[in-house]
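Chemist: Have a look at the structure that comes next, please.
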Amino acid sequence: MALPQCLAADVLVIGSGGAGMYAAIEAARQGCSVILADRSLIGRGGATVMAQMTVAVALDEGGLDHPEHHYADTLSAGRGLCDPAIARLLCEEGPARIREMDGWGVGWARENGEFKRAFAPGHDRARCVYVDFLNTGPAVSKTLRAQLNRIPEIRRVGDLLVSALALRDGECVGATALHLSGGQPVSIAADATVLATGGLTRMYRRNSASANMMGDGYALALAAGAELIDMEFVQFFPIGHLAPRLVGMDPIMWDPFRYKLGGRLLNGRREEFIHRYGSKDDGRYVVTRDVATYAIIKEAEAGRGSPHGGAWLSFEHCSQAELRAAGGPVIDRLAANGIDLTKQAIEVAPIAHYHMGGVRVDATMATRVPGLYAAGEAVGGANGANRLSGNAITEALVFGRVAGKSAAGHARRKVSKVDASVFAKEEHRLAEGRAAPDFNPAAMVEELQSVMQDDVGPFRTQAGLERALGRLRALRAELPSVKPAAGEAYDTALADWLDLCTLTRVGECVAAAALARSESRGAHQREDFPGMDPQWAFNQALSLAGGELRIESSAVPA
Amino acid sequence: MSASAKLVIRRGASGEPPREETWDVPFEPGQSVLDGLRWIRAHRDPTLAIRYSCTNANSCKECMVRIGGKTVYACIVRLRAGTMKIEPLPNKALLRDLVTEIAPPDERLGG
Ligand SMILES: Cc1cc2nc3c(=O)[nH]c(=O)nc-3n(C[C@H](O)[C@H](O)[C@H](O)COP(=O)(O)OP(=O)(O)OC[C@H]3O[C@@H](n4cnc5c(N)ncnc54)[C@H](O)[C@@H]3O)c2cc1C
Ligand code: FES
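Those sequence lines, one after another, are chains B and S.
Read in order, the letters of the first sequence correspond to residues 3 to 560 in my numbering.
Read in order, the letters of the second sequence correspond to residues 1384 to 1494 in my numbering.
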């Protein structure tokens, strides 16, 4: 085997979504050399490029808004669990980031020279900027990529799947990665490291995720000695697209139609059913996400689901003209998929969409491991038990900048003396193993996604969570004996095996935290403990002690 | 499952003589070629190398391959009954099977 390659920089940023790209830009502005690594292509692999809709930001032009109002809404959505300092940072720095992006030419929609602001649920006023048409994420990614490309101090490297952080005396000094295109381990020495790896929704069978959103950052942080918080809070989007199969469309595409046209949710017998669950859906989109999710799942469980196990969403009562006005070019893309909404209903079901929990940081984005920072969806704390729509992109940009600045500050204070030994263990782990896998890791990923969906999904019970924990822990114990050896170019089976290591660990974190929390709050709903319990108004922090997961309750910071 | 496609896939790593493998893939109308390739990995052969990220939205632009001699995104071409021939991009360096080096040159590790 060729000798492992070694890279080095002042700051290593892992993940190149909105958070990672902003962190890299800021660290370079502070005078540092930066390596920006991603397991996929730079700026394309995660959620940022897929986001279509809104970015929440309190712009005070014309006295229309103030960060205090945004902050109040964020705290109330978080149901008592937000870390106030981190939520405040999101709201207070949001406007500066949105304006900086504006200066970089992102193209926020405007009317008479002013930013257009859309309403989104949970906000007390129209607060969300966007890029037309449904182009927010692609525009944000493209703008940040253009900035990156101008900065020679930033080295961008794609196809680097980071599989462990490197530690010396408890301090993070870089990372080891599998170079997917070459098949070899690579070591990256850095004085400070930023985890910007995004969320974990690919752990679920029904999701809006990209292939790279398996929660890698949570597993990396945990293994390095950092804490995770609020891991039980996974946000489900109730009306994700289920069937018929559409190509070239995002599964969360129906929300804008619902806002504009209402639409009718029907069970498998084509009956309205939302009213049976204490809300109503008489042609207007008023039912909240949690009630819709609950009602759709319960109807399907009672044998009254749509053919694929969800509910029907019908716009058959709308005219072509109304649909065209609401959907614009999307109507053409639907037509290309053979769908005419005036003639047929489509099937929808709840899908995993965002993760509130994550790596525990302070307001400088520092973890408790010296030299290790985190940013974006990888971070927990800003959104508590539930996230407001539009807060995720803002969080990515704001936390990215702050993490980049803090990492640069740490790197400047340090005289690095990293030697090859800190990477040796992980390089060896990647290289060892079997020549050809004698089990199917891709099938196993699908199987565990079903376990997570069915037993750790939007509605949870003690029995289901215990069953899931049993499955995840049993498989985790078997993984070392079936590991494929690194060495082949683009070894997807090895990548799946690494994903299984992550899924079993991070899935365990979600399930264990959900099992401990014997109440229902925000996105965490226990069928056996309905209702919020004031006694549970605290966070749960997870860490590893001797390889075992430890859960501690932790007062919400004042 | 209502239909089945015959996918003829060119495989092999760079420097190896290419070989063709054929799989029958069941599908529901509307499913993409990428769905079919993922089905092969989960049900037949996990070593088949493909690359994709976004899976649905056609936003990552990673899944480019040749189908029937045309360069396309595997996630938006639909499966159809009958034979579909799938090959890696001819004008990019081959990594393995359907995966080619599509990263911009200054974003590669090199070496
Ligand atoms: C379909 C969709 C629509 C959305 N719409 C909106 C919206 O309208 N408004 C809103 O506010 N939010 C929205 N969200 C949420 C929001 O997009 C994300 O929370 C946000 O973009 C996360 O940014 P990030 O930089 O933290 O992570 P990401 O953009 O997900 O980037 C993470 C990067 O890390 C890389 N990575 C992961 N693991 C590793 C590893 N081990 N080694 C190297 N690299 C790794 C990934 O390849 C990826 O490129 C949406 C999400 C989805 C999925
Ligand atoms: S998988 Fe993303 S464009 Fe095809």
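Where a beta carbon is used, it is the ideal one built from N, C-alpha and C, also for glycine.
Compute the minimum distance between the beta carbon of B:S210 and the heavy atoms of ligand 1, and state whether it is under 6 angstroms.
Modeler: Within the first sequence, the letter at position 208 stands for residue 210 of chain B. Indeed, a heavy atom of ligand 1 lies less than 6 angstroms from the Cβ.
Chemist: Can you tell me whether DSSP reads B:C503 as helix, strand or coil?
Modeler: Against the first sequence, residue 503 of chain B aligns to sequence position 501. Helix, per DSSP.
Chemist: Give the secondary structure of B:M3 by DSSP, where H, G and I count as helix, E and B as strand, and everything else as coil.
Modeler: For the purposes of this step, residue 3 of chain B is identified with residue 1 of the first sequence, where counting begins at 1. Reliability of the predicted coordinates at B:M3 is poor, the pLDDT of 44 falling under 50, and no value is obtained from them.
Chemist: Here's a check: name, in chain order, each residue in its chain whose Cβ is nearer than 7 angstroms to the Cβ of B:S308, leaving out the five neighbours to either side.
Modeler: Here residue 308 of chain B is taken as the residue at index 306 of the first sequence, counted from 1. Contacts found: G270, W314 and E349.
Chemist: Between the stretch 1443 to 1463 of chain S and the stretch 1399 to 1414 of chain S, do three or more beta carbon pairs fall short of 8 angstroms?
Modeler: yes
Chemist: In the DSSP output, which residue or residues are listed as bridge partners for S:D1407?
Modeler: By one-based count along the second sequence, residue 1407 of chain S stands at place 24. Residue pairing by DSSP places S:D1407 opposite S:K1389 in a beta bridge.
Chemist: With the cut-off set at 7 angstroms, would you say B:L544 and B:C503 are in Cβ contact?
Modeler: Position 542 of the first sequence holds residue 544 of chain B. Position 501 of the first sequence holds residue 503 of chain B. Taking 7 angstroms as the Cβ cut-off, B:L544 and B:C503 do not qualify as a contacting pair.
Chemist: Could you tell me which residues DSSP pairs with B:C130 in its beta bridges?
Modeler: Your numbering for residue 130 of chain B matches position 128 in the first sequence. The partner list for B:C130 (beta bridge, DSSP) reads B:A58 and B:A120.
Chemist: Could you work out which residues of chain S lie near B:I44, taking near to mean beta carbons separated by less than 7 angstroms?
Modeler: As a working mapping, residue 44 of chain B is identified with position 42 in the first sequence. Within 7 angstroms Cβ-Cβ: E1490.
Chemist: Nearest chain S C-beta to B:D456 closer than 7 angstroms, yes or no?
Modeler: For this step, residue 456 of chain B is matched to residue 454 along the first sequence. False, the Cβ-Cβ gap to chain S never drops below 7 angstroms.
Chemist: Please confirm whether any heavy atom of ligand 1 lies closer than 6 angstroms to the CB of B:M52.
Modeler: Here residue 52 of chain B refers to the residue found at position 50 when the first sequence is read from its first residue. The answer is yes for B:M52.
Chemist: Roughly how far, in whole angstroms, is the beta-carbon of B:I241 from the beta-carbon of B:R272, given that I think they are within contact range, below 8 angstroms?
Modeler: The sequence position of residue 241 of chain B within the first sequence is 239, counting from 1. The sequence position of residue 272 of chain B within the first sequence is 270, counting from 1. Going by Cβ atoms, the distance from B:I241 to B:R272 rounds to 17 angstroms, so no, they are not a contact pair.
Chemist: Closer than 8 angstroms, Cβ to any Cβ of chain B: which residues of the stretch 1421 to 1451 of chain S, in chain order?
Modeler: R1421, R1424, A1425, H1426, P1429, T1430, L1431, A1432, I1433, R1434, Y1435, S1436, C1437, T1438, N1439, A1440, N1441, S1442, C1443, K1444 and E1445
Chemist: For S:A1396, go through chain B and note every residue whose CB falls closer than 9 angstroms to its CB, in chain order.
Modeler: Here residue 1396 of chain S is taken as the residue at index 13 of the second sequence, counted from 1. Those are E490, A491 and Y492, listed as they occur along chain B.
Chemist: Does the Cβ-Cβ distance between S:C1446 and S:A1457 come in under 7 angstroms?
Modeler: In the second sequence, the residue the question calls residue 1446 of chain S occupies position 63. In the second sequence, the residue the question calls residue 1457 of chain S occupies position 74. Yes. Within cutoff.
Chemist: DSSP three-state label for B:G360, please.
Modeler: The residue you call residue 360 of chain B lines up with position 358 of the first sequence. Three-state DSSP puts B:G360 in a strand.
Chemist: Please determine whether the Cβ atom of S:N1441 lies at a distance below 6 angstroms from any heavy atom of ligand 2.
Modeler: Residue mapping note: residue 1441 of chain S aligns to position 58 of the second sequence, counting from 1. Yes, the Cβ of S:N1441 comes within 6 angstroms of a heavy atom of ligand 2.
Chemist: Using 7 angstroms as the threshold, is the C-beta distance between B:Y356 and B:R389 below it?
Modeler: Here residue 356 of chain B corresponds to residue number 354 of the first sequence, with the count starting at 1. Here residue 389 of chain B corresponds to residue number 387 of the first sequence, with the count starting at 1. Against a cut-off of 7 angstroms, the Cβ pair of B:R389 and B:Y356 comes out as a contact.
Chemist: Using beta carbons (cut-off 7 angstroms, strictly below), is B:N137 in contact with chain S?
Modeler: Locating residue 137 of chain B in the first sequence gives position 135, counting from the first residue. No - not a single Cβ of chain S is within 7 angstroms of the one on B:N137.
Chemist: Go through its chain and collect everything with a Cβ distance to B:A539's Cβ below 8 angstroms, but skip five positions before and after it.
Modeler: In the first sequence, the residue the question calls residue 539 of chain B occupies position 537. Correct list, in chain order: G82, L83 and V558.
Chemist: Can you give, in chain order, each stretch of the alpha helix (DSSP H) that sits fully within the stretch 407 to 454 of chain B and has at least 4 residues?
Modeler: 423 to 433
Chemist: Scan the stretch 497 to 517 of chain B for residues whose Cβ lies nearer than 8 angstroms to a Cβ of chain S and list them as they occur along the chain.
Modeler: D498
Chemist: Could you run through the stretch 1449 to 1479 of chain S and flag, in chain order, every residue whose CB is less than 7 angstroms away from some CB of chain B?
Modeler: C1458, I1459, R1461, L1478 and R1479
Chemist: Could you check whether B:G45 and B:S78 sit closer than 7 angstroms to each other, using their CB atoms as the reference points?
Modeler: Counting from one through the first sequence, the residue named residue 78 of chain B turns up at place 76. Counting from one through the first sequence, the residue named residue 45 of chain B turns up at place 43. With contacts defined as CB atoms closer than 7 angstroms, B:S78 and B:G45 fail to qualify as a contacting pair.
Chemist: With 16 other CB atoms within 10 Å as the buried threshold, where does B:R552 fall?
Modeler: Along the first sequence, one-based indexing puts residue 552 of chain B at 550. It counts as exposed.
Chemist: Please report how far the alpha carbon of B:D364 lies from the alpha carbon of B:D12, in whole angstroms.
Modeler: Here the question's residue 364 of chain B lines up with position 362 in the first sequence. Here the question's residue 12 of chain B lines up with position 10 in the first sequence. Those two C-alpha atoms are separated by around 22 angstroms.
Chemist: Distance, Cα to Cα, S:R1424 vs S:A1476?
Modeler: Against the second sequence, residue 1424 of chain S aligns to sequence position 41. Against the second sequence, residue 1476 of chain S aligns to sequence position 93. Taking the straight line joining both Cα atoms gives about 23 angstroms.
Chemist: Give a yes or no on whether the C-beta atoms belonging to B:Q32 and B:A368 are separated by under 7 angstroms.
Modeler: Looking up residue 32 of chain B in the first sequence gives position 30. Looking up residue 368 of chain B in the first sequence gives position 366. Not a contact, by the Cβ cut-off of 7 angstroms.
Chemist: How far does the beta strand (DSSP E) with S:M1447 in it reach, from first residue to last?
Modeler: To locate residue 1447 of chain S, count along the second sequence from 1; it is residue 64. Element bounds for S:M1447: M1447 to I1450.
Chemist: To the nearest angstrom, how far is it from the Cα of B:G185 to the Cα of B:G64?
Modeler: Sequence index remark: in the first sequence, residue 185 of chain B carries index 183 (1-based). Sequence index remark: in the first sequence, residue 64 of chain B carries index 62 (1-based). When rounded, the distance between both Cα atoms is 56 angstroms.
Chemist: Quick one, which of B:L182, B:E102, B:G107 and B:D193 has its alpha-carbon nearest S:E1484's?
Modeler: Walking along the second sequence from the start, residue 1484 of chain S turns up at place 101. Looking at the Cα atoms, B:L182 is the closest of the given residues.
Chemist: Counting only Cβ pairs nearer than 7 angstroms, list the residues of chain B close to S:V1482.
Modeler: Counted from its first residue, the second sequence places residue 1482 of chain S at position 99. The answer, in chain order, is Y492.
Chemist: So which of B:Q451, B:A194, B:I341 and B:E521 has the shortest CA-CA distance to B:M215?
Modeler: The residue labelled residue 215 of chain B in the question sits at position 213 within the first sequence. Nearest option by C-alpha distance: B:Q451.
Chemist: Beta-carbon within less than 7 angstroms of B:D493's beta-carbon, same chain only, minus the 5 sequence neighbours each way: which residues are those?
Modeler: Position 491 of the first sequence, counting from 1, holds the residue named residue 493 of chain B. Answer for B:D493: G185 and P486, listed in chain order.
Chemist: How would you list, in chain order, the residues of chain S whose beta-carbon sits under 7 angstroms from the beta-carbon of B:S183?
Modeler: Within the first sequence, residue 183 of chain B is the residue found at index 181, counting from 1. L1478 and E1484, listed in chain order.
Chemist: If I measure Cβ to Cβ from B:Y24 and keep anything under 6 angstroms in the same chain, skipping five residues before and after, which residues do I get?
Modeler: Taking the first sequence and counting its residues from 1, one reaches residue 24 of chain B at position 22. If we look at B:Y24 and ignore the five residues flanking it on each side, its Cβ neighbours are L399, G402 and R403.
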